Amino acid sequence: MHLVLFFIFGGLCVVGALNLLLQSHPINSALSLIVVMSSLAVLYLLLGAEFLAAAQVIVYSGAIMVLFTFVIMLLNAGREERTHGSRMAYIAGFPGAAVLLGLLSYIFLSNRGHLGNARLGSYLVTTGDLSRVLFRDLLLPFEVTSVLILIAILGAVALARKEH
Amino acid sequence: MTANFQLLRILPEVILTIAGVLIMLIEPLLGHSTSRKPLGWFAVLSVFASLAASFAQLGMAAGTAYYGVIQTDAFSVFFHVLIALIVLVSLLVTIDTANANTESLGELFALMVFGAVGMMLMTSATELLLVFIGLEISSISTYIMAGFRRKNVKSTESSLKYFLLGSFATAFFLYGIALIFGATGTTDINAIASQLGTSAVPMFATIGLGMILIGLGFKVSAAPFHVWTPDAYEGAPSPVVGLMSTAPKAAAFAVLLRIVYVAFPALHAHWQPLLWLMAAFSMTIGNLGALRQQNVKRMLAYSSIAHAGYLLVAFTALSTDGIAAASFYAMSYAAMNVGIFAVVSHASGYDERLSLISDYRGLAYRSPLLGGALGFFLISLIGIPFTGGFFGKFYVFASALHSGMVWLTIIGLVNSGIAAFYYLRLLASAYSKPTNNALLDPMPRASFALLLALVITISGTLILGIVPGQILAMSHNAAVSLTSGIANPAPSATHQ
Numbered sequence: 094m095h096l097v098l099f100f101i102f103g104g105l106c107v108v109g110a111l112n113l114l115l116q117s118h119p120i121n122s123a124l125s126l127i128v129v130m131s132s133l134a135v136l137y138l139l140l141g142a143e144f145l146a147a148a149q150v151i152v153y154s155g156a157i158m159v160l161f162t163f164v165i166m167l168l169n170a171g172r173e174e175r176t177h178g179s180r181m182a183y184i185a186g187f188p189g190a191a192v193l194l195g196l197l198s199y200i201f202l203s204n205r206g207h208l209g210n211a212r213l214g215s216y217l218v219t220t221g222d223l224s225r226v227l228f229r230d231l232l233l234p235f236e237v238t239s240v241l242i243l244i245a246i247l248g249a250v251a252l253a254r255k256e257h
Numbered sequence: 042m043t044a045n046f047q048l049l050r051i052l053p054e055v056i057l058t059i060a061g062v063l064i065m066l067i068e069p070l071l072g073h074s075t076s077r078k079p080l081g082w083f084a085v086l087s088v089f090a091s092l093a094a095s096f097a098q099l100g101m102a103a104g105t106a107y108y109g110v111i112q113t114d115a116f117s118v119f120f121h122v123l124i125a126l127i128v129l130v131s132l133l134v135t136i137d138t139a140n141a142n143t144e145s146l147g148e149l150f151a152l153m154v155f156g157a158v159g160m161m162l163m164t165s166a167t168e169l170l171l172v173f174i175g176l177e178i179s180s181i182s183t184y185i186m187a188g189f190r191r192k193n194v195k196s197t198e199s200s201l202k203y204f205l206l207g208s209f210a211t212a213f214f215l216y217g218i219a220l221i222f223g224a225t226g227t228t229d230i231n232a233i234a235s236q237l238g239t240s241a242v243p244m245f246a247t248i249g250l251g252m253i254l255i256g257l258g259f260k261v262s263a264a265p266f267h268v269w270t271p272d273a274y275e276g277a278p279s280p281v282v283g284l285m286s287t288a289p290k291a292a293a294f295a296v297l298l299r300i301v302y303v304a305f306p307a308l309h310a311h312w313q314p315l316l317w318l319m320a321a322f323s324m325t326i327g328n329l330g331a332l333r334q335q336n337v338k339r340m341l342a343y344s345s346i347a348h349a350g351y352l353l354v355a356f357t358a359l360s361t362d363g364i365a366a367a368s369f370y371a372m373s374y375a376a377m378n379v380g381i382f383a384v385v386s387h388a389s390g391y392d393e394r395l396s397l398i399s400d401y402r403g404l405a406y407r408s409p410l411l412g413g414a415l416g417f418f419l420i421s422l423i424g425i426p427f428t429g430g431f432f433g434k435f436y437v438f439a440s441a442l443h444s445g446m447v448w449l450t451i452i453g454l455v456n457s458g459i460a461a462f463y464y465l466r467l468l469a470s471a472y473s474k475p476t477n478n479a480l481l482d483p484m485p486r487a488s489f490a491l492l493l494a495l496v497i498t499i500s501g502t503l504i505l506g507i508v509p510g511q512i513l514a515m516s517h518n519a520a521v522s523l524t525s526g527i528a529n530p531a532p533s534a535t536h537q
């Protein structure tokens, strides 16, 4: 059952990601991204991470993607122009990505015996456990994130402001 | 530990955050024609306060706060002081360079101050997640500052290239953290070393460390991850380049030192050859690239790649020596590089009147002060005795030789020789008689802010070059405080 679900949604995720890259209209790419995000949520669920799956659906597939589509529609973005890309991307980029992919899959496969399996519900993480980590152990990183968001807003305003 | 006492360990960051928020809030209340320079002086004062707070941390015993995510020790204080001084001088240069064409100057000051918060957190964080957030604060503020001259196409290009490649590098860094967490079950730098011994999948940690090296390699612009540097530096406003070529790099080097020496001494045999290669590539590519440049900022960009290489040489040395030499080098490079960008900023102005080496012809006649300062910093960058540049290189190469890195030292020395060519070319241009009468106009008068910036950087370079004892002792203390936590010292260096 797990394996079947994994192949369905894993395949859907890869197809969605490829479609995202190949589509030339931004709105089609954004819709493919929703497919990718939602199938990732199912994969998280299969790995036993219920909270992460829920957050993925609410935050990524929900809030962020709605914002994306709104912005694209508001800007009335047209088709992308196709360029042939840089030659370096073909010479170094594709082999580099292939090497990285090969290396990672080799390492994950060769350590398969040590990694074990996750079962749905075997790691029951309550909201209490999560908040203990987030608001106690990682309190400072959590608070400092506000500075990060603040400068991102500040920068967006400074760069996008109309000239007087 | 009481809450107040914990707050002291992040006081420098807290002061700067409050100052940044105030500057940001006051800026829109000022009228269009009101000068923003008082805001800049306010930022300078807040950096002074933060500097004092950092020094005060030396009086406290080294220790952690906020459930072990932050650790103040001699090492973190050393880099806090360095970052505060760089931001201080960059603020002064920005105050000097800004003119009526400068847009949203208040936001620029706020971004510099906020950027410093991120960099300072990076140097004292012992939790990889906090390192990541600090890295993002420092990077995002730099991306925005690089694109601040919005009417200038080059500036926008610089910002976009820096942003895209920087985000790519950040992804590597984050993936590295995830793999290390997978291998050890912790993201606490102090705990990784002991967890590594019991890990069932140590190979994950090795690959994770490799990814972190790639991510930080981008941030310090070490070859082969340097391609963004010349374009980003050419387009960004000069005072910002002085900042972004030194402070974020110093912070990234501090993180790298903490990660490789505290978390991964056990993988010494893996990371040392990688850093050896990065050092050799950076020195050679940086110096050969700089030889071909006609644009001064591009030349200095390649020179900064080369200097990142010299600094990486220190990583191949034995732990305490290497950390001390790397910290000392970071400081001496910062003094001379921020200094030379102060000169470049004032000479070329916010609108970049001078860009090519030939444009600097006769600079010494137009302004003996600027010419003299330029010459002094160039001599230090070459590495001539009695300057900080000389002692920085001396300690780095001496520590590398001590651990038997003969070949790397030879590559480094040959590179220092090559570097002299292009630095001297700029120096000769500044001191030769101008052929064009238009270039004979005197320079705009140096403001008090610029004079203060030059006094700080020139005296810094001189102190590091003539009486380096005190700062050397500080960097040694920093190294000892970093390594004293290590249970098993790094295995002896593998000879190349």
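These protein sequence lines map, in sequence, to chains A and B.
Last residue of the first sequence: 257 (the working numbering), numbering continuous.
Last residue of the second sequence: 537 (the working numbering), numbering continuous.
Built from N, CA and C at the ideal position, the CB exists for glycine as well.
Here the structure is a predicted model, which is why all the values come from computation and not from measurement.
Considering Cα atoms alone, identify which of B:Q236, B:A93, B:I230, B:A224 is closest to F245 (chain B). To locate residue 245 (chain B), count along the second sequence from 1; it is residue 204. Out of B:Q236, B:A93, B:I230, B:A224, B:A224 has the C-alpha closest to the C-alpha of F245 (chain B).
Where does E168 (chain B) sit, in a helix, a strand or coil, going by DSSP? One-based indexing of the second sequence puts residue 168 (chain B) at position 127. It is a strand residue.
Nearest to G188 (chain B) by alpha carbon, out of B:A277, B:A264, B:L63? To locate residue 188 (chain B), count along the second sequence from 1; it is residue 147. Ranking the options by Cα distance to G188 (chain B), first place goes to B:A277.
Euclidean distance between Cα positions of Q236 (chain B) and R205 (chain A): Numbered from its first residue, the second sequence carries residue 236 (chain B) at position 195. Numbered from its first residue, the first sequence carries residue 205 (chain A) at position 112. About 20 Å.
Contact with chain A by S145 (chain B), beta-carbon distance below 8 Å: Your numbering for residue 145 (chain B) matches position 104 in the second sequence. Closer than 8 Å to some Cβ of chain A, the Cβ of S145 (chain B) qualifies, so yes.
List, in chain order, every chain A residue whose beta-carbon is nearer than 8 Å to that of I248 (chain B). What you label residue 248 (chain B) is simply residue 207 of the second sequence in a count that begins at 1. Neighbours of I248 (chain B) on chain A, chain order: L196, L197, I200.
Anything in chain B within Cβ reach of P234 (chain A), meaning under 7 Å, just list it in chain order. Sequence index remark: in the first sequence, residue 234 (chain A) carries index 141 (1-based). Going along chain B in sequence order, the residues near P234 (chain A) (Cβ under 7 Å) are V110, E168, L170, L171, I174.
Express the C-alpha separation of H311 (chain B) and Q537 (chain B) in angstroms, rounding to a whole number. Counted from its first residue, the second sequence places residue 537 (chain B) at position 496. Counted from its first residue, the second sequence places residue 311 (chain B) at position 270. Any reading at Q537 (chain B) needs caution, since the residue's pLDDT is 32, under 50, leaving its predicted position unreliable; the model's value is listed next. If I take the Cα positions, the gap works out to 13 Å.
Can you find the residues in the same chain that come closer than 7 Å, C-beta to C-beta, to L513 (chain B), ignoring five residues on each side of it along the sequence? Against the second sequence, residue 513 (chain B) aligns to sequence position 472. Here the set comprises F369.
Cβ atoms of Y472 (chain B) and G380 (chain B): under 8 Å apart, would you say? Indexing the second sequence from 1 puts residue 380 (chain B) at position 339. Indexing the second sequence from 1 puts residue 472 (chain B) at position 431. No.
Looking at the unbroken beta strand (DSSP E) that takes in I423 (chain B), where does it start and where does it end? Counting from 1 along the second sequence, the entry for residue 423 (chain B) is found at position 382. It is not in any beta strand (DSSP E) - I423 (chain B) instead sits in the alpha helix (DSSP H) that spans 409–423.
Cβ pair S145 (chain B), G159 (chain B) closer than 8 Å: The sequence position of residue 145 (chain B) within the second sequence is 104, counting from 1. The sequence position of residue 159 (chain B) within the second sequence is 118, counting from 1. No, the Cβ-Cβ distance between S145 (chain B) and G159 (chain B) is not below 8 Å.
Report back the beta-carbon spacing between S386 (chain B) and L395 (chain B) to the nearest angstrom; my notes put them in contact at under 8 Å. In the second sequence, counting from the first residue as 1, residue 386 (chain B) sits at position 345. In the second sequence, counting from the first residue as 1, residue 395 (chain B) sits at position 354. S386 (chain B) to L395 (chain B), Cβ: 11 Å. No contact.
For D229 (chain B), the three-state DSSP class (helix, strand or coil): Sequence index remark: in the second sequence, residue 229 (chain B) carries index 188 (1-based). Strand.
In chain order, what are the residue ranges of uninterrupted beta strand (DSSP E) at least 3 long that sit wholly in the region 293–341 of chain B? none
Please list the partners that S182 (chain B) has in chain A, where partner means a Cβ-to-Cβ separation under 8 Å. Counted from its first residue, the second sequence places residue 182 (chain B) at position 141. Correct list: I244, G248.
How is the alpha helix (DSSP H) around T58 (chain B) delimited, first residue to last? Residue mapping note: residue 58 (chain B) aligns to position 17 of the second sequence, counting from 1. T58 (chain B) -> alpha helix (DSSP H) spans 52–67.
Alpha-carbon spacing of L492 (chain B) relative to S208 (chain B), whole angstroms: Indexing the second sequence from 1 puts residue 492 (chain B) at position 451. Indexing the second sequence from 1 puts residue 208 (chain B) at position 167. Those two C-alpha atoms are separated by around 37 Å.
Should V107 (chain A) be labelled buried (16 or more other beta-carbon atoms within 10 Å of its own) or exposed? Here residue 107 (chain A) refers to the residue found at position 14 of the first sequence. Result: exposed.
Limits of the beta strand (DSSP E) - the one that A106 (chain B) falls within: Here residue 106 (chain B) refers to the residue found at position 65 when the second sequence is read from its first residue. Element bounds for A106 (chain B): 104–106.
Length of the line joining the Cα atoms of A528 (chain B) and P53 (chain B): Position 487 of the second sequence, counted from the first residue, corresponds to residue 528 (chain B). Position 12 of the second sequence, counted from the first residue, corresponds to residue 53 (chain B). Summary for A528 (chain B): the model assigns pLDDT 38, below 50, so the residue's position carries little reliability; its value from the coordinates is reported in the next sentence. Spanning the two alpha carbons is a distance of roughly 30 Å.
Under the assumption that F522 (chain B) contacts F116 (chain B) (Cβ atoms under 8 Å), give the Cβ distance between them as a whole number of angstroms. To locate residue 522 (chain B), count along the second sequence from 1; it is residue 481. To locate residue 116 (chain B), count along the second sequence from 1; it is residue 75. It should be pointed out that residue 522 (chain B) corresponds to Ser in this sequence rather than to Phe. About 5 Å separates the Cβ atoms of S522 (chain B) and F116 (chain B), confirming a contact at the 8 Å cut-off.
According to DSSP, simplified to helix, strand and coil, what is Q236 (chain B)? Within the second sequence, residue 236 (chain B) is the residue found at index 195, counting from 1. In the three-state reduction of the DSSP assignment, Q236 (chain B) falls in the helix class, which pools H, G and I.
Based on the DSSP output, what are the partners of Q112 (chain B) in its beta bridges? Sequence index remark: in the second sequence, residue 112 (chain B) carries index 71 (1-based). Paired residue(s): B:T105.
Could you spell out the range, first to last residue, of the alpha helix (DSSP H) harbouring Q116 (chain A)? If you number the first sequence from 1, residue 116 (chain A) lands on position 23. First-last for Q116 (chain A): undefined, no H or E at that position.
Using a Cβ cut-off of 7 Å, which residues of the region 184–210 of chain B contact any Cβ in chain A, in chain order? I185, G188, R191
Mind pulling the chain A residues with CB within less than 8 Å of I178 (chain B)? In the second sequence, residue 178 (chain B) corresponds to position 137, counting from 1. Ordered by position in chain A, the residues that pass the 8 Å Cβ test against I178 (chain B) are V237, V240, L241, I244.
Counting only beta-carbon atoms, is V281 (chain B) nearer than 8 Å to chain A? The residue given as residue 281 (chain B) occupies position 240 in the second sequence. With 8 Å as the cut-off, V281 (chain B) does not count as an interface residue toward chain A.
Helix, strand or coil at L468 (chain B) [DSSP, three-state]: For the purposes of this step, residue 468 (chain B) is taken as residue 427 along the second sequence, with counting starting at 1. Here DSSP, grouped into helix, strand and coil, assigns L468 (chain B) to helix.
Neighbour flag for V85 (chain B) against chain A, beta carbons, 8 Å: In the second sequence, counting from the first residue as 1, residue 85 (chain B) sits at position 44. No - not a single Cβ of chain A is within 8 Å of the one on V85 (chain B).
Buried or exposed for E173 (chain A), please, with buried defined as at least 16 other CB atoms from any protein chain shown within 10 angstroms of its CB. Taking the first residue of the first sequence as position 1, residue 173 (chain A) is located at position 80. Looking at its Cβ environment, which holds fewer than 16 other Cβ atoms inside 10 Å, E173 (chain A) is exposed.
Chain A contacts made by the region 422–442 of chain B, where a contact means CB separation under 9 Å: none
Short of 7 Å Cβ to Cβ, which residues in the region 485–514 of chain B face chain A? none
Quick one: measure Cβ to Cβ for A367 (chain B) and F294 (chain B), integer angstroms, because I've assumed they're closer than 8 Å. Position 326 of the second sequence, counted from the first residue, corresponds to residue 367 (chain B). Position 253 of the second sequence, counted from the first residue, corresponds to residue 294 (chain B). About 6 Å separates the beta carbon of A367 (chain B) from that of F294 (chain B), a gap short enough to meet the 8 Å contact definition.
Leaving out five residues before and five after L92 (chain B) in sequence, what residues of the same chain have Cβ atoms less than 6 Å from its Cβ? In the second sequence, counting from the first residue as 1, residue 92 (chain B) sits at position 51. The answer, listed in chain order, is A125.
Whose C-beta lies closer than 7 Å to the C-beta of G103 (chain A) among residues of the same chain, with five residues either side of it excluded? Within the first sequence, the letter at position 10 stands for residue 103 (chain A). Once the five neighbours on either side are set aside, the close Cβ partners of G103 (chain A) are L136.
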